[in-house]
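The sequence shown lines up with residues 1 to 588 when you count with full-length UniProt numbering. Note that the Cβ used here is the ideal one computed from N, Cα and C, for glycine as well.
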Amino acid sequence: MYQVQKFSWVDYVVFVFMLAISASVGVYWGFFKKQTTQNDYLLGGRNMKVIPVSMSLVASFVSGITLLGSPTEVYMYGTQYAYIIGGIFLMTIVMTQIYLPVFHDLQITSNYEYLSMRFDNKVRLFGSILFAITLIGWLPIVIYVPALAFNQVTGVDVHIITPIVCLVCIFYTSAGGLQAVVWTDVIQITSMVGAMALVAIKGTIDVGGFSTVWQRNMESGRIEAPNWDPLPTARHTIWNLIFGGLIYWLQANSVNQTMVQRYLALPNLRGAKWAVFFFCIGISTLYCFCLYCGLLIYARFYDCDPLQTKLAKAKDQLLPLLVMDVLGDIPGLPGVFIAGVFSAALSSLSTSLNSMSAVVLEDFYKPFYKTQLSEKQTNWLLKSVVVFLGVLCLGLVFIVEKMGTILQLTMTLEAITMGPQLGVFSMGILMPWVDAMGALIGGITGLVIMAWWCLSAQLAIANGLITHPHKPLSIEGCQYNYTLVETVTEHIKGPEVSPILHVSYMWYTFVGAAMTIVVGITVSKINRWRGRVHVPPAPRLLTPVIRQFYREPPHPTDEPFIKAYGCKNDINSSAINMKPITECEELS
């Protein structure tokens, strides 16, 4: 029986050393460079540097889901997914010109504060709840995936390693705040890139060079030209990868608190725009490494598929299997790679925990409780949120391990909440005629429809009613003993699946945002026909692209305002420039 080489003691030392470095950064920022204020803890005093923040953005976005899921995608389905990089570059342009200037000019802590300024506290609470749901659903996957890789190369049970790593992450995040998160991310992204480069270079040499990798993948049909199929049911096409990918990346980077919080930690808008540009370059480079490793996995196992022989128990263990095959005879190098995969998970987890603490304070506490917290009480609240959410997500790992492939699953679940959220923010920033009721009803409608659609599609896939044919896999050249499990080919005819469930998951976020916007505009128009007063937003709440065509609304105490909107002139004017006038009443 062919045995995968296991970790040596040197590999364990390297892995523990990585965890120790992360913990020491938390000790430094938590106890030696104390975060004295809420601004220090959540935003690094708004005085962070562009390069570390850019590296942190890449590190936190590239979780183990990307590192292990992308190579699996190429191994199973080919390189069509690579064209999503075009969507990433389009996202950079749209974000820097439309979304980022608004958030940065307002100098807010949580981007959901914007929703109360533009609409009202109900819409703000709706956005915050969607963010919380997304994190609670996403973080267990982030934790589980690297544990799966660790299990492949060491045999250590998933539920032994996850608590250890998570406790380290919870410790340095709660102790050091955003500064600790960013600087551990810098160390971790270096580890990630180094690990992927190491695997790519040595793996290519071992299989006979780049020409061998290219030839074997070309012969199997994995190197693919753009698929121009216009049908929305095609899993991956140039259309859904670039345009659907653009919308997916906009929700992930432009209106997601975990990302926006780091952009707001930079002192000026120019630095934030450079951070977006560097993020785009960094994330595209890492994607290329991940996708190439998928080609490398096939070039190495082209005649002996490890999934059919059960050498890899799950699809997302293919890359760790390659690593042990390529680097296993060099003590320490497998440890570097697994440390890199865990670094990706730690950076995503730490960033999310820090962002959630900001949302709880700014969006769940401050708008609804008048009691002013002292700095000490604020500090305890923020750290308690980090600990509670970390422990909760650790428990949810038991549910995640029952699910299937991670890449499509993750993007599908995110679309349920983040599509409607992108729609609400886009209405606020781009459409001054949309009111609070329209935004809220639009968001709820988008959420309900996307929940039904996405969950129904996932259920159909799990039950085998929807299948996606993969590229050819062979076991003809296997040189070790294995037991081939026969799969049942006879299918009992089940209920017909609705054609809408066959639509590619790459369109989910786009549809969620579009449904939200259409309903929001419609409800706002109906409100106008019914004579409901709509107070136009202040120009600073709109994107610069719209501001130049937009006239500043009159002051609520001015005569023109009273005549135009029929409102009393004793309105509380504290929110004139920043927040909607919710107390506006029609004159009887």
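Apart from the five residues on each side of it in sequence, which residues of its chain come closer than 8 Å, Cβ to Cβ, to R300? G203, D206, V207, L322, D325 and V326
Beta strand (DSSP E) runs contained entirely in the stretch 191-262, provided each spans 3 or more residues: If we require 3 residues or more, the stretch 191-262 turns out to have no beta strand (DSSP E) run fully inside it.
Output the distance between the C-alpha atoms of P334 and F210, rounded to the nearest integer angstrom. 22 Å
Around the C-beta of R118, are 16 or more other C-beta atoms found within 10 angstroms, so that it is buried, or is it exposed? buried
Grouping DSSP H, G and I as helix and E and B as strand, with all else coil, what is P334? helix
Which residue marks the beginning of the alpha helix (DSSP H) containing W453, and which one marks its end? A436 to A462
Evaluate K273 with the Cβ neighbour count: other Cβ atoms within 10 Å of its Cβ, from every protein chain shown; 16 or more gives buried, anything less gives exposed. buried
Determine the extent of the alpha helix (DSSP H) in which I521 is found, giving its start and end residues. Start and end: Y508 to W529.
P420: buried (16+ other C-beta within 10 angstroms of its C-beta) or exposed? buried
Would you kindly work out how many angstroms separate the C-alpha atoms of G294 and R528, rounded to a whole number? 54 Å
Assumed close pair G282, M55 - CB separation to whole angstroms, cut-off 8 Å: That pair is a contact at about 7 Å.
Collapsed DSSP secondary structure at V535 in the structure displayed: coil
Determine, using beta carbons only, whether V156 and F150 come nearer to each other than 9 Å. yes
N227 to S110, Cα distance in whole Å? Note on geometry: alpha-carbon atoms of N227 and S110 lie some 40 Å from one another.
Counting C-beta neighbours from all protein chains within 10 Å, is the total for L422 16 or more, i.e. buried, or is it exposed? buried
Out of R235, I93, N217 and N354, point me to the one whose CA is closest to I461's CA. R235
Am I right that Y81 and L296 are in contact with their C-beta atoms under 8 Å? What's the rounded C-beta distance? With a Cβ gap of about 16 Å, Y81 and L296 do not count as contacting.
Cutting at 6 Å between CB atoms, please list the residues of its own chain near N463, excluding the five before and the five after it. Counting only Cβ-Cβ distances below 6 Å, and skipping sequence neighbours, we find nothing.
Judging by CA-CA distance, which residue of P499, D329 and L100 is the nearest neighbour of L269? Per the Cα distances, L100.
With H, G and I counted as helix, E and B as strand and the rest as coil, what does DSSP make of A314? coil
Reducing DSSP to helix, strand and coil, say where F17 ends up. Three-state result, F17: helix.
Just tell me which of V497, I444, H470 and L346 has its CA closest to the CA of T417. I444
Determine the closest residue to H502 out of M515, C454 and I247, with distance taken between C-alpha atoms. C454
Distance, Cα to Cα, V359 vs L19? Going by the C-alpha atoms only, they are around 27 Å apart.
In terms of residue numbering, what span does the alpha helix (DSSP H) encompassing C478 cover? Taken as a continuous stretch (DSSP letters only), C478 belongs to no alpha helix (DSSP H), as it is neither H nor E.
Quick check on G470: does DSSP put it in helix, strand or coil? Sequence check: residue 470 is His here, not Gly. Three-state DSSP puts H470 in coil, outside helix and strand.
With distances taken between CB atoms, is the gap from K304 to I136 smaller than 9 Å? Reading off the sequence shown, one finds Cys at residue 304, where the question assumed Lys. No.
Beta carbon of T524, beta carbon of M259: below 9 Å? It should be pointed out that residue 524 corresponds to Ser in this sequence rather than to Thr. S524 places its beta carbon 9 Å or farther from that of M259.
Assuming the contact rule is C-beta atoms closer than 8 Å, V165 and L346 should be a hit. Round their C-beta distance to whole Å, please. 7 Å
Start and end of the alpha helix (DSSP H) containing A275? L269 to F301
According to DSSP, is Q421 part of a helix, a strand, or is it coil? helix
Looking at the structure shown, is G340 part of a helix, part of a strand, or coil, going by DSSP? helix
Have a look at V181 and Y292 and give me their C-alpha separation to the nearest angstrom. Their Cα atoms are separated by approximately 29 Å.
Would DSSP call V186 helix, strand or coil? Shown here, V186 sits in a helix according to DSSP, grouped into three states.
Does I129 come out as helix, strand or coil in the three-state DSSP assignment? helix
Can you grab the Cα-Cα spacing for the pair S70 / M76, in whole Å? 10 Å
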